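Novice:
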Amino acid sequence: MANLPIVQFEKKIIETVEQNPVVVIIGETGSGKSTQLSQMLHRKGYTDSGIVAVTQPRRVAAVSVSRRVAQELGVRLGEEVGYAIRFEDRTSERTQIKYLTDGVLLRESLSNPELNQYSVIILDEAHERSLNTDILLGLMKRLVGSRASNLKVLITSATLDGEKVSKFFSDCPLLTVPGKLFPVEIFYSKERPTSYVESSLKTALDIHVREPEGDVLIFMTGQDDIEKLVLKLEDKVRSLEEGSCMDAIILPLHGSLPPEMQVRVFSPPPPNCRRFIVATNIAETSLTVDGVVYVIDSGYVKQRQYNPATGMYSLDVVQVSKVQANQRAGRAGRTRPGKCYRLYPSRVYNDEFLDVTVPEIQRSSLAGTVLYLKSLDLPDIDILKFDFLDPPSTESLEDALKQLYLIDAIDENGSITSVGRTMAELPLEPSLSRTLIEANEYGCLSQALTVAAMLSAETNLLPNRSKSNEKKRKHPPLDLPDGSGFGDHIQLLQIFECWDENDYDIGWCKYYDLQVRGMLFVKEVRKQLSQIMQKIAKGSSDVQANQSRKGHQNYRNLRKALCIGYASQLAERMRHHNGYRTLGFKSQLVQVHPSSVLQPDDDGLYGSYVVYHELISTSRPYMRNVCAVERQWVMPILDKLEKLNVSKLR
DNA sequence: TAGGGTTTT
2 MANLPIVQFE KKIIETVEQN PVVVIIGETG SGKSTQLSQM LHRKGYTDSG IVAVTQPRRV
62 AAVSVSRRVA QELGVRLGEE VGYAIRFEDR TSERTQIKYL TDGVLLRESL SNPELNQYSV
122 IILDEAHERS LNTDILLGLM KRLVGSRASN LKVLITSATL DGEKVSKFFS DCPLLTVPGK
182 LFPVEIFYSK ERPTSYVESS LKTALDIHVR EPEGDVLIFM TGQDDIEKLV LKLEDKVRSL
242 EEGSCMDAII LPLHGSLPPE MQVRVFSPPP PNCRRFIVAT NIAETSLTVD GVVYVIDSGY
302 VKQRQYNPAT GMYSLDVVQV SKVQANQRAG RAGRTRPGKC YRLYPSRVYN DEFLDVTVPE
362 IQRSSLAGTV LYLKSLDLPD IDILKFDFLD PPSTESLEDA LKQLYLIDAI DENGSITSVG
422 RTMAELPLEP SLSRTLIEAN EYGCLSQALT VAAMLSAETN LLPNRSKSNE KKRKHPPLDL
482 PDGSGFGDHI QLLQIFECWD ENDYDIGWCK YYDLQVRGML FVKEVRKQLS QIMQKIAKGS
542 SDVQANQSRK GHQNYRNLRK ALCIGYASQL AERMRHHNGY RTLGFKSQLV QVHPSSVLQP
602 DDDGLYGSYV VYHELISTSR PYMRNVCAVE RQWVMPILDK LEKLNVSKLR
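Each step along the first sequence adds one to the number in our numbering, with nothing skipped, and position 353 is 354.
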């Protein structure tokens with residue numbers, strides 16, 4: 002720890018913090034900012050008047066960094082130094098330094114808007130511009146101006162972003178702390194290749210033949226390209242003349258890889274063997290692979306975008322930002338001097354790449370964010386004028402207001418309703434929290450809890466129908482429940498109920514190709530949601546998973562609750578075919594996703610109305626996860642839509 | 001009849 006660069010800046014940092022409420026720290030990789038800033042402030046006595054909080058965008062980071070700090074201070078984790086992430090609070094009365102995800106801090110500020118328990122709040126990795134960090138930046142700006150007791154805010158960011166953050170906080174001081182990276186030599190391509198897979202392949206082989214030992218990390222956009230490149234690399238390396246160069250191991254690395262495959266990158270290679278790790282941006286920040294000396298950067302990344310006019314998501318391949326490109330290059334210099342091969346010209350880097358990644362807040366549906374802000378009851382609120390570092394478009398905010406109005410979270414004047422307040426307490430998308438509240442009225446809360454938890458699972462739970470998997474399958478893909486024809490929400494409910502009947506058996510998940518990790522996550526989410534709902538309903542509600550299962554049923558109450566919850570995600574079938582048009586957004590022709598279990602009637606036609614969980618534009622615009630609903634439930638929503646006046650909702 | 005970049009409450 003003593004040789005971390007940041008330690009030499011302690012005096013300067015403390016002086017600046019003493020004299021200013023907000024300080025921006027530009028700390029490059031390896032500067033030690035994440036572990037050291039909190040300890041410096043602790044030494045200076047800032048933990049005497051409150052807790053020093055450090056937010057992280059990711060759970061694993063909150064856990065691992067707090068563990069390191071506890072170790073360095075020689076205390077037990079959970080005592081003076083602790084962490085708090087969803088489902089896991091390892092802090093105590095004695096905790097003075099607390100690492101937490103930015104999402105947890107946002108939750109805390111709901112029940113304690115002044116965040117009085119904290120003397121210092123450090124927002125780490127702000128340059129990643131996660132949705133939660135961006136909300137926190139806006140809240141911190143208000144808080145330092147308003148809070149009675151002295152609050153100190155530190156924000157760490159990257160070189161290219163620091164000035165902007167400083168300006169946002171009324172030109173607060175900006176300190177730069179060097180990193181501890183080894184130099185990385187950058188090589189640019191003369192022009193953009195026509196095929197990134199081919200170009201990566203060629204570059205990787207050049208490195209293998211010409212360069213001394215050291216692993217190669219290759220950044221691609223997705224699973225498909227990764228699999229292609231892995232196959233080609235294996236083929237080419239095998240055909241190299243024996244003894245002409247060292248052995249090679251080729252490893253794919255992406256999020257949908259099973260955990261046991263992911264951890265392979267952490268075991269060191271055998272001697273005289275080079276590893277090629279072909280990865281998505283998961284290797285940019287989330288996973289750190291040791292031993293990398295060479296990086297190949299395609300310059301592209303897959304990004305999810307939301308279109309507020311149509312309510313449609315798409316997953317697009319876009320150019321990385323300069324911050325991302327530098328982060329990728331930095332992965333080559335962690336253990337010794339490295340090299341980074343950029344598969345694009347320097348002109349593209351300089352002229353075309355954005356400085357910083359487009360913040361998530363400008364690429365997401367903001368219904369949840371706006372509801373959260375409304376529930377804080379900030380004085381002088383005009384949600385359209387909330388002070389964001391990078392404001393989302395008016396269109397996007399109006400879309401959020403419209404959605405919230407349709408599900409009764411705000412009234413026609415834009416004021417939060419009591420239903421809206423309850424919704425804000427639930428860690429769910431507004432459509433699902435609205436569904437839970439309605440289901441509680443209809444006596445089907447238990448079922449709704451299960452549906453909401455299943456839809457919250459981050460991983461794909463259902464069997465993966467890829468070609469390679471079909472071959473591996475030991476049994477035909479059948480006998481999972483089919484939603485009784487009503488659609489995917491009901492199927493998700495039935496699957497969980499089956500698992501419950503099988504005593505949450507892991508083997509049962511494996512037999513049906515359901516991701517074990519995902520199902521266990523669902524169980525935990527369900528438990529958390531049950532606890533919150535029981536508090537809201539004052540203990541009277543029945544939340545047992547299996548209590549409602551009684552032979553054949555038409556799930557009428559549950560579907561009605563879903564219809565109310567998804568009032569802003571409604572579609573009407575075309576008269577003569579199975580296409581639907583969306584209602585409530587700029588009307589779009591969409592299809593039920595082919596993976597849906599929704600069943601057509603005897604004439605081959607689907608029901609007249611469905612609600613959908615998500616619109617996703619891939620090869621065509623699809624509704625994913627649909628539920629059949631009845632005309633009589635839809636009519637009041639259509640009425641409301643007709644009378645809607647967005648300009649009054651502000 | 002088709003396709004999952006990465007996070008998080």
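We put the CB at the ideal spot given by N, CA and C, even for glycine. Values in this document were obtained by computation on a predicted structure and should not be read as measured data.
Considering only residues of the same chain and omitting the five flanking positions on each side of Gln20, which have a CB-CB separation below 7 Å?
Specialist: Here the set comprises nothing.
Novice: If you draw a straight line from the alpha carbon of Gly156 to that of Leu144, how long is it in whole angstroms?
Specialist: According to the sequence as given, residue 156 is Ile; it is not Gly. Straight-line Cα distance between these residues: approximately 14 Å.
Novice: Would a C-beta distance cut-off of 9 Å place Val302 and Arg332 closer than the cut-off?
Specialist: Contact flag unset, no.
Novice: Whose CA, out of Ser609, Ser158, Glu396, Val266, lies closest to the CA of Met636?
Specialist: Nearest of Ser609, Ser158, Glu396, Val266 to Met636, Cα basis: Ser609.
Novice: Could you give the uninterrupted runs of the alpha helix (DSSP H) lying entirely in the segment 334-373, keeping only those of 4 residues or more?
Specialist: Segments of the alpha helix (DSSP H) lying fully in the segment 334-373: 347-352.
Novice: Within the continuous alpha helix (DSSP H) that includes Thr423, where are the two ends?
Specialist: Residues 419-426.
Novice: Compute the Euclidean distance between the alpha carbons of Ser469 and Tyr314, then round it to the nearest angstrom.
Specialist: For Ser469, the predicted structure reports a pLDDT of 47, less than 50, and the residue's modelled location is therefore unreliable. A value from the coordinates is still provided. One C-alpha to the other measures close to 27 Å.
Novice: So, is Pro581 buried or exposed, given that buried needs 16 or more other C-beta atoms within 10 angstroms?
Specialist: It is Tyr, not Pro, that sits at residue 581 in the sequence shown. Its Cβ being crowded by 16 or more others within 10 Å, Tyr581 is buried.
Novice: Rounded to the nearest angstrom, what separates Glu471 and Asp514 at their Cα positions?
Specialist: Note that Glu471 scores 45 on pLDDT, short of 50, meaning its location in the model is unreliable; the coordinates nonetheless yield the value given after this. Near 11 Å, if we compare the C-alpha coordinates of Asp514 and Glu471.
Novice: Only counting the same chain, and skipping five residues up and downstream in sequence, which positions put a Cβ closer than 8 Å to that of Lys237?
Specialist: Correct list, in chain order: Leu202, Leu206.
Novice: Do you know how far the Cα of Ser447 is from the Cα of Lys528?
Specialist: Going from the Cα of Lys528 to the Cα of Ser447 covers about 11 Å.
Novice: If you compare alpha carbons, which of Arg560, Gly585, Leu563 is closest to Ala572?
Specialist: Per the Cα distances, Gly585.
Novice: Contact between the segment 487-503 and the segment 389-398: three or more CB pairs below 8 Å?
Specialist: Taking 8 Å as the limit for Cβ pairs, the verdict is that the segment 389-398 does not touch the segment 487-503.
Novice: Does the Cβ of Pro58 have 16 or more other Cβ atoms within 10 Å, making it buried, or fewer, making it exposed?
Specialist: Buried, since its Cβ has 16 or more Cβ neighbours within 10 Å.
Novice: Please determine, among Leu379, Asp162, Gly46, the residue with the shortest C-alpha to C-alpha distance to Gln325.
Specialist: Ranking the options by Cα distance to Gln325, first place goes to Asp162.
Novice: With a CB to CB cut of under 8 Å and the five nearest residues on each side skipped, what residues in its chain are close to Pro6?
Specialist: Gly31, Ser32, Gly33, Val178, Pro179, Gly180, Lys181, listed in sequence order.
Novice: Under the rule that 16 or more other beta-carbon atoms within 10 Å means buried, what is Val318, buried or exposed?
Specialist: Classification of Val318: exposed, given that the 10 Å Cβ count is below 16.
Novice: Rounded to the nearest angstrom, how far is the Cβ of Leu645 from that of Val612, given a contact under 8 Å?
Specialist: In fact, because the Cβ distance is near 18 Å, the residues do not count as touching under 8 Å.
Novice: Leaving out five residues on either side along the sequence, give the residues of the same chain with a beta carbon under 8 Å from the beta carbon of Lys475.
Specialist: Confidence in Lys475 is poor, its pLDDT being 46 and thus under 50, which makes the residue's placement too unreliable to answer from.
Novice: Quick one: what's got a C-beta closer than 6 Å to Gln495's C-beta in the same chain, skipping five residues either side?
Specialist: Hits under 6 Å: Pro482.
Novice: Please return the same chain residues whose Cβ sits closer than 7 Å to the Cβ of Arg621, not counting the five positions on each side in sequence.
Specialist: Contacts found: Gln592.
Novice: In angstroms, rounded to a whole number, what distance separates the CA positions of Arg560 and Cys628?
Specialist: Cα-Cα distance, rounded: 7 Å.
Novice: I'd like to confirm the pairing. Which residues does DSSP put opposite Leu316 in its beta bridges?
Specialist: For Leu316, which the question treats as bridged, DSSP gives the partners Arg305.
Novice: Between the Cα of Met41 and those of Ser485, Val70, Val279, spot the shortest distance and give me the residue it belongs to.
Specialist: When each option's Cα is compared against that of Met41, the closest is Val70.
Novice: What are the partner residues of Met455, as DSSP defines its beta bridges?
Specialist: DSSP lists no partner for Met455.
Novice: If we count the other Cβ atoms within 10 Å of its Cβ and call it buried at 16 or more, is His490 buried or exposed?
Specialist: The residue in question, His490, is buried, as its Cβ has 16 or more Cβ neighbours within 10 Å.
Novice: Between the segment 424-431 and the segment 366-374, do at least 3 Cβ pairs fall closer than 8 Å?
Specialist: These segments touch.
Novice: How many Å lie between Val647 and Ser394 at the Cα?
Specialist: Each residue's alpha carbon lies about 15 Å from the other.
Novice: Quick one: what does DSSP say Pro253 is sitting in, helix, strand or coil?
Specialist: Strand, per DSSP.
Novice: Going by other Cβ atoms of all chains shown within 10 Å of its Cβ, with 16 needed for buried, is Pro360 buried or exposed?
Specialist: Buried: at least 16 other Cβ atoms inside 10 Å.
Novice: Let me make sure I understand the geometry here. Which of Asn273, Cys510, Leu258 has the alpha-carbon closest to that of Glu214?
Specialist: Out of Asn273, Cys510, Leu258, Asn273 has the C-alpha closest to the C-alpha of Glu214.
Novice: Do Glu186 and Pro338 come within 9 Å of each other at the CB atom, strictly closer than that value?
Specialist: It is a contact, given that the beta carbons lie within the stated cut-off.
Novice: Taking the alpha carbon of Ser120 as the point to measure from, which residue in Ser93, Asn151, Tyr100 has its own alpha carbon closest?
Specialist: The residue with the shortest Cα to Cα distance from Ser120 is Asn151.
Novice: What does the alpha-carbon distance come out to for the pair Pro271 and Ser531?
Specialist: Each residue's Cα considered, the two are about 49 Å apart.
Novice: Determine the contact status of Val231 and Leu252, defining contact as a CB-CB distance below 9 Å.
Specialist: Contact: yes.
Novice: Name the two residues that bound the continuous alpha helix (DSSP H) containing Ile565.
Specialist: Where Ile565 is concerned, the enclosing alpha helix (DSSP H) stretches over 557-566.
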